[in-house]
Structure formats: C-alpha cells, structure tokens
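There are 2 protein chains.
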Amino acid sequence: MQLHNFFNSSTSYRVRIALALKGVPFDYVPVNIRTGEHRDAKYVNQLNPSAAVPALIDGDFSLGQSLAIIDWLDARFPEPRLIPADRDLRARVLELSYLIACDIHPVNNLRVLRYLETELNVTAEQKSAWYRHWIAEGMAGVERLLGKYGTGLWCFGDAPTLADCCLVPQMANALRMGCDLDTYPLSLAVYRRASTHHAFAAAAPALQPDCATP
Amino acid sequence: MQLHNFFNSSTSYRVRIALALKGVPFDYVPVNIRTGEHRDAKYVNQLNPSAAVPALIDGDFSLGQSLAIIDWLDARFPEPRLIPADRDLRARVLELSYLIACDIHPVNNLRVLRYLETELNVTAEQKSAWYRHWIAEGMAGVERLLGKYGTGLWCFGDAPTLADCCLVPQMANALRMGCDLDTYPLSLAVYRRASTHHAFAAAAPALQPDCATP
Numbered sequence: 001m002q003l004h005n006f007f008n009s010s011t012s013y014r015v016r017i018a019l020a021l022k023g024v025p026f027d028y029v030p031v032n033i034r035t036g037e038h039r040d041a042k043y044v045n046q047l048n049p050s051a052a053v054p055a056l057i058d059g060d061f062s063l064g065q066s067l068a069i070i071d072w073l074d075a076r077f078p079e080p081r082l083i084p085a086d087r088d089l090r091a092r093v094l095e096l097s098y099l100i101a102c103d104i105h106p107v108n109n110l111r112v113l114r115y116l117e118t119e120l121n122v123t124a125e126q127k128s129a130w131y132r133h134w135i136a137e138g139m140a141g142v143e144r145l146l147g148k149y150g151t152g153l154w155c156f157g158d159a160p161t162l163a164d165c166c167l168v169p170q171m172a173n174a175l176r177m178g179c180d181l182d183t184y185p186l187s188l189a190v191y192r193r194a195s196t197h198h199a200f201a202a203a204a205p206a207l208q209p210d211c212a213t214p
Numbered sequence: 001m002q003l004h005n006f007f008n009s010s011t012s013y014r015v016r017i018a019l020a021l022k023g024v025p026f027d028y029v030p031v032n033i034r035t036g037e038h039r040d041a042k043y044v045n046q047l048n049p050s051a052a053v054p055a056l057i058d059g060d061f062s063l064g065q066s067l068a069i070i071d072w073l074d075a076r077f078p079e080p081r082l083i084p085a086d087r088d089l090r091a092r093v094l095e096l097s098y099l100i101a102c103d104i105h106p107v108n109n110l111r112v113l114r115y116l117e118t119e120l121n122v123t124a125e126q127k128s129a130w131y132r133h134w135i136a137e138g139m140a141g142v143e144r145l146l147g148k149y150g151t152g153l154w155c156f157g158d159a160p161t162l163a164d165c166c167l168v169p170q171m172a173n174a175l176r177m178g179c180d181l182d183t184y185p186l187s188l189a190v191y192r193r194a195s196t197h198h199a200f201a202a203a204a205p206a207l208q209p210d211c212a213t214p
C-alpha cells in the first residue's frame, strides 16, 4: 500500500494518523505540493483525479480525499474502528470532523492563501488576519461541540476517532501559523493527549521523510 | 422532524434532496443566513453549535453538518440508501462528495465572499473571478472523477447517491453565479437528469417557503 502525500499537508497528516492507529504499514511517496507535483498530468490521470494530496494506492485501487480514505480504511482494516457504528455517536464524530474538514481547513489551505497573495495582492498582515479569522470562527464551533457532546479522554470517548484525526492536524497547523489556542481548553486537552500518543507522534510532519522539502 | 435551513444554501439543498429521495416528511424552519440568524445565541447553543445551516432536529436529537445529517438519515431511513454499503463503491461516492463539500463549496460560500468584500475590499470583478476560479478548478476534478469512475444514469449507478445530492446544488449555485458549465458534459448530464426528478425538483431553492427572503 502506498500513500502519496506531503509532510506538511493537514489532510495527509489525518490519513497518516489513521494508518498508524490501525498499524497498517505503507510506502511513503512524497508529492511536493509547493512545486505543484499534485498537478502533474501523470499523477492526476493515473492516481488522483482530484489533483490533490493525499492519495492511497492499494494494488489496482486508488483513492483520493482524506475522509474517503479513512472511511475505506475503516472497512479494510476494522480495528480499531475510527468511525463508530452506533448511529448517534457516529453522527457526533462526523459532525465535528466535517466542521474541520469543510468549514475550517479549506479556506486556509495553501492554494487559497497563494491566491490571496498572487491574485489579490493582500499584505502579509491581511493574509495572517484571514487565517486567524477562520481559525477563530471554526475553533469556537469545535469547542462548543466538545462542550456539549464531548466525552472521555479524546473528542468522543476513551479512544481516538476520525474527529481526533481531523482536530490534531488542524490545531498543529494553527499553532505553526502563530495562532493562540489557549481559549479552546477542551480542544487543547485532546491536542496534548495526542502529543504523547505513539500513532499521532509517528504521523507528525517533522518525522516524515520529506520534512526537509524547501 | 425539523430541518432548520435556508432556501439558497447549497448545504441545506443537499439535505432537502436526501429527505425527498427517502420520502421523509419534515417541518421546514427557515433560518435567514443573510441577516445572521444562524449566529443567534439560542440557535447556536440549543440547536447547532456549528453556527450554520442546516440543522436536523429529531425529538431530543439535533445534528449539524449536511454530510453528517445525510449519513445519519441513511441509518435512520435506509431506503433508498444514498451511501452504498459496498466498500469500493462507497469510496467513489464519498470521494466525489468530499471534492465538492471540502474543495469547492467552502471557498465560495456566503461568509467567504462577504469577507472578501468587507475586509479585503475586492471589486465585483475580483469577487466574480475568485468564484469562477474555484468552480473551474473543482469542476474539472469532478469531471475527471466521473470520466474515470462514473457509471450509469447518475454519478455512480442508476440511482442517486450522496454524490448527486452534492453535485446538483453545487452546479445550481454556479449557474446562478453566471458560470459556464458547458465544458463539463458528464456533470451536466447528471444535472439535467436531476431537473426532471421529483425529489431534486422538490428540494430546489425556488420552491422553498422562504424563497422570497430579501
């Protein structure tokens, strides 16, 4: 099994956590999204029509979109399960995951920040304010969801789920960009717990083989 | 069952299609996102901590995030199933759904377009170019996915799935914003099929009770 991904991509990071939690070995294939390797015709046509990272390859089967990959991994390698089977608990896990994957991450990812710089000529301060605005709005929602529905040591219960696979990379990204996350104590507790967990640690950007990519 | 939603919201539209496909009756509760009703403290604290539309209420259970709602509906009202059980087919449906829900829709929704106008003072032409840029990039990916993996009368097979529930509102939104979608023939074929289907027609913005909202 191959994972085509980039060390500093939050969506790649999500899938690396899921693979590490399940103990699934994989070949790490770096795709440098800074130089646009994810747009190369061969990559797009043969591996990932979404023209993005990550892409998982298992024999003849290839799949893009991090949350689709984790759902597929949950069927292929059921232990430990990351998306609960119980209808209502599952809904809570997906709700928080989508808040991050749909409402926070996409507006702050590399391609959007680059468009702001190159097409709209925003200043460094305007770009930073943009980033902080969507983090603040989204993390407030995450914190409210955890306050209302969160239980146990992780987001939902005493074992990591898809919600934790989404939350930790998003917070790591925000901290790297200089955001203050002290006003989100429930989220921070999960983040700190993850920092001592072997699977989350193994998936961290700084430990990936392409982490020195300029 | 209540659906708190807004006629012109693409994420609300997705859930309305799912409910209509399953034939589930619901009370339509309008939430005017143009005037910020989705940020009212009572709505956020009691119904949807994500501070967004849609929110589904079923007795004591409330749930935000359109894709989490449709996943939940698929368990609560299994016929017709919108997210296939088969592992690999399910992956294809989710992959295309996430391309729309994560990569296209979030960067072009109301709150982002408003930020561009009010905080970054972009011109009408710059805002329009922004919108068209992300539609072109995302729809090219949708079209590639359909070309490589699409089958049958709808996106994946001869019955609508979650992918169709996501694609049709996204295309309706793009057409409303003046985008030319003629270069995406596979997507257009699905859109045209949907326009003659009773469930998609019933969910259309123009037929909702709040469609005259200024």
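Chains as they are written, first to last, in full-length UniProt numbering: chain Y, 1 to 214; chain S, 1 to 214.
Ideal Cβ positions, reconstructed from N, Cα and C, are used throughout, including at glycine.
Please read all numbers here as calculations on a predicted model, not as lab measurements.
Any beta-carbon of chain Y closer than 8 Å to the one on residue i?
i	result
S:W72	yes
S:L94	yes
S:R114	no
S:Q126	yes
S:P106	yes
S:V44	yes
S:V31	no
S:G59	no
S:L131	Correcting the residue type first, residue 131 of chain S is Tyr in the shown sequence and not Leu. Chain Y contact via Cβ: absent.
S:G36	no
S:A68	yes
S:V122	yes
S:L99	yes
For residue i, I'd like the list of residues in its chain whose CB is within less than 6 Å of its CB, leaving aside the five on either flank, ordered along the chain.
i	result
Y:L145	L96
Y:G152	D158
residue 250 of chain S	Given that chain S is displayed from residue 1 to residue 214, the structure contains no residue 250 of chain S and the question cannot be resolved.
S:F61	none
S:T183	none
S:T213	N32
residue 286 of chain S	Given a span of 1 to 214 for chain S in the structure shown, any question on residue 286 of chain S remains unanswerable.
In its own chain, which residues sit with a C-beta less than 7 Å from the C-beta of residue i, not counting the 5 before and 5 after it?
i	result
S:F26	M1, Q2, L3, L19
Y:F200	I17, V168, A194
Y:L89	F156
S:D71	I83
Smallest Cα separation from residue i: which of the options?
i	options	result
S:L82	S:G157, S:P185, S:R176, S:R192	S:G157
S:A91	Y:A91, Y:P84, Y:A75, Y:A101	Y:A75
Y:Q170	Y:A52, Y:S50, Y:D210, Y:V107	Y:V107
Y:V112	S:R114, S:D103, S:F7	S:D103
S:G36	S:A101, S:I100, S:R114, S:A68	S:R114
S:A140	S:R176, S:A129, S:P185, S:D164	S:P185
Y:R87	S:R87, S:H197, S:N121, S:L73	S:L73
Y:I100	Y:K42, Y:V142, Y:T123, Y:H133	Y:V142
Y:D164	Y:L175, Y:Y191, Y:A174	Y:Y191
Y:V53	Y:K42, Y:H38, Y:T196	Y:H38
S:A174	S:D40, S:H198, S:H133, S:H197	S:H133
Is there a C-beta anywhere in chain S that falls below 8 Å from the one on residue i?
i	result
Y:Q65	yes
Y:P49	yes
Y:Y13	no
Y:L19	no
Y:D103	yes
Y:V24	no
I'd like to know whether the C-beta atoms of residue i and residue j end up nearer to each other than 8 Å.
i	j	result
Y:N5	Y:V44	no
S:G64	S:N48	yes
Y:E117	Y:K127	yes
Y:S10	Y:H105	yes
Y:I135	Y:C166	no
S:T161	S:P209	no
Y:I33	Y:L110	yes
S:S50	S:V15	no
S:A68	Y:L181	no
S:M177	S:Y131	yes
Y:V29	Y:F77	no
S:V122	Y:L207	no
Tell me which residues share the same chain as residue i and place their Cβ nearer than 8 Å to its Cβ, disregarding the 5 neighbours each side in the sequence.
i	result
S:R193	L153, W154
S:E79	K22
S:A204	Y13, A172
Y:G147	L186
- For the region 144-168 of chain S, which residues have a beta carbon sitting closer than 7 Å to at least one beta carbon of chain Y? R144, L145, K148
- Message: At a CB distance below 8 Å, what residues from the region 75-91 of chain S approach chain Y? Give them in sequence order.
- Response: A75, R76, R87, D88, R90, A91
- Task: Using a Cβ-Cβ cut-off of less than 7 Å, give me the residues of the region 178-190 of chain S that come near chain Y, in sequence order.
- Result: none
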